[in-house]
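Asks:
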Amino acid sequence: MSSHEVRILSSGGYLIHVDVCRDITLECVRSMHKLYYTLRKELSQLIKELVTGVTSIALFYDPRIVSSNELVKKVKELWAWSQQIDLNEIHKPRSFTIPVAYGGELGPDLPSVASWAGLREEEVIELHTSRKYTCYTLGFTPGFLYLGEVDSRIAAPRLETPRVKIPAGSVG
Numbered sequence: 023m024s025s026h027e028v029r030i031l032s033s034g035g036y037l038i039h040v041d042v043c044r045d046i047t048l049e050c051v052r053s054m055h056k057l058y059y060t061l062r063k064e065l066s067q068l069i070k071e072l073v074t075g076v077t078s079i080a081l082f083y084d085p086r087i088v089s090s091n092e093l094v095k096k097v098k099e100l101w102a103w104s105q106q107i108d109l110n111e112i113h114k115p116r117s118f119t120i121p122v123a124y125g126g127e128l129g130p131d132l133p134s135v136a137s138w139a140g141l142r143e144e145e146v147i148e149l150h151t152s153r154k155y156t157c158y159t160l161g162f163t164p165g166f167l168y169l170g171e172v173d174s175r176i177a178a179p180r181l182e183t184p185r186v187k188i189p190a191g192s193v194g
């Protein structure tokens with residue numbers, strides 16, 4: 023799926039699912055924001071709720087107001103138009119400084135990430151702190167942000183078994 027095509031699926035009589043892209047990239051996130059803004063603005067009378075995922079948008083609607091086919095057609099029409107929007111005209115980006123503790127109880131993955139990357143722990147910290155990150159989306163846990171793009175040299179794979187409890191302020 024490129025930035026010029028989307029996959030739109032009707033899921034029952036009240037939900038349209040729009041897959042914007044497959045890979046989680048800055049381009050994908052920007053496309054998502056543009057489409058979300060456009061759908062919210064142009065289809066507010068037809069949809070009950072918009073829910074964004076990392077790479078998709080769910081449109082909840084009332085089938086008594088609009089049919090699935092009609093809504094899919096409108097979303098397809100709005101897709102190309104939405105991608106011409108300048109995001110800076112919608113909202114001004116803001117920067118935040120997030121304090122990060124590396125190693126110990128708050129950063130237990132530092133040694134394993136360093137080992138995986140073939141780097142010293144100090145090098146992992148330097149690579150991690152040497153760039154600005156974009157908030158791709160908010161997680162389902164309050165305060166949990168998905169940030170990108172991480173330097174590929176330290177973009178370690180996810181844990182096979184996720185931790186049940188993560189201390190506040192942790193970066194994963």
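According to my numbering, the residues represented by the sequence shown are 23 to 194, in order.
Don't be surprised by glycine CBs; every beta carbon is placed ideally from N, CA and C.
1. What span of residues does the alpha helix (DSSP H) with residue 157 cover, start to end?
2. The alpha helix (DSSP H) with residue 55 in it runs from where to where?
3. Ordered along the chain, which non-local residues of its own chain (more than five positions away) have a Cβ less than 7 angstroms from that of residue 64?
4. Would you identify the three-state DSSP class for residue 37, choosing helix, strand or coil?
5. Please report the distance separating the alpha-carbon of residue 80 from that of residue 86.
6. Between which two residues does the beta strand (DSSP E) harbouring residue 78 extend?
7. Among 89, 174, 51 and 169, which has the Cα closest to the Cα of residue 155?
8. Helix, strand or coil: which one does DSSP assign to residue 188?
9. Going by Cα to Cα distance, which pick from 151, 152, 167 and 150 is closest to residue 158?
10. Looking at C-alpha atoms only, which residue of 91, 71 and 50 is the closest neighbour of residue 78?
11. Measuring CA to CA, which of 82, 56 and 69 is closest to residue 104?
12. From what residue to what residue does the beta strand (DSSP E) around residue 32 run?
13. What is the DSSP secondary structure of residue 151, reduced to helix, strand or coil?
14. Helix, strand or coil for residue 109, going by three-state DSSP, please let me know.
15. Give the secondary structure of residue 68 by DSSP, where H, G and I count as helix, E and B as strand, and everything else as coil.
16. What does DSSP give as the partner residue(s) for residue 140 in the beta ladder?
Replies: This is what the structure holds:
1. As a position in the sequence shown, residue 157 is number 135, starting the count at 1. Element bounds for residue 157: not the alpha helix (DSSP H) but the beta strand (DSSP E), 156 to 160.
2. Stepping through the sequence shown from its first residue, residue 55 is reached at position 33. Its alpha helix (DSSP H) spans residues 48 to 64.
3. On the sequence shown, residue 64 is found 42 positions in, with the first residue counted as 1. Excluding sequence neighbours, residue 64 sits near 100.
4. If you number the sequence shown from 1, residue 37 lands on position 15. If DSSP states are grouped into helix, strand and coil, residue 37 belongs with the strands.
5. Start at 1 with the first residue of the sequence shown, and residue 80 comes out as number 58. Start at 1 with the first residue of the sequence shown, and residue 86 comes out as number 64. If I take the Cα positions, the gap works out to 18 angstroms.
6. Working through the sequence shown from its first residue, we reach residue 78 at position 56. Looking at the DSSP string, the run of the beta strand (DSSP E) that includes residue 78 is 78 to 83.
7. Taking the first residue of the sequence shown as 1, we reach residue 155 at position 133. The candidate whose alpha carbon is nearest that of residue 155 is 169.
8. Position 166 of the sequence shown holds residue 188. Residue state, collapsed to three classes: coil.
9. Taking the sequence shown and counting its residues from 1, the one referred to as residue 158 is at position 136. Comparing Cα positions, the closest option is 167.
10. Mapped onto the sequence shown, residue 78 falls at position 56. For residue 78, the nearest C-alpha among the options comes from 50.
11. For the purposes of this step, residue 104 is identified with residue 82 of the sequence shown, where counting begins at 1. Among 82, 56 and 69, the Cα nearest to that of residue 104 is on 56.
12. By 1-based counting over the sequence shown, the position of residue 32 is 10. Where residue 32 is concerned, the enclosing beta strand (DSSP E) stretches over 29 to 32.
13. In the sequence shown, residue 151 corresponds to position 129, counting from 1. Residue 151 falls in the helix class under three-state DSSP.
14. In the sequence shown, the residue the question calls residue 109 occupies position 87. In this structure, residue 109 counts as helix in the three-state DSSP scheme.
15. The residue you call residue 68 lines up with position 46 of the sequence shown. DSSP places residue 68 in coil when its eight states are reduced to three.
16. Residue mapping note: residue 140 aligns to position 118 of the sequence shown, counting from 1. DSSP output for residue 140 lists no bridge partner at all.
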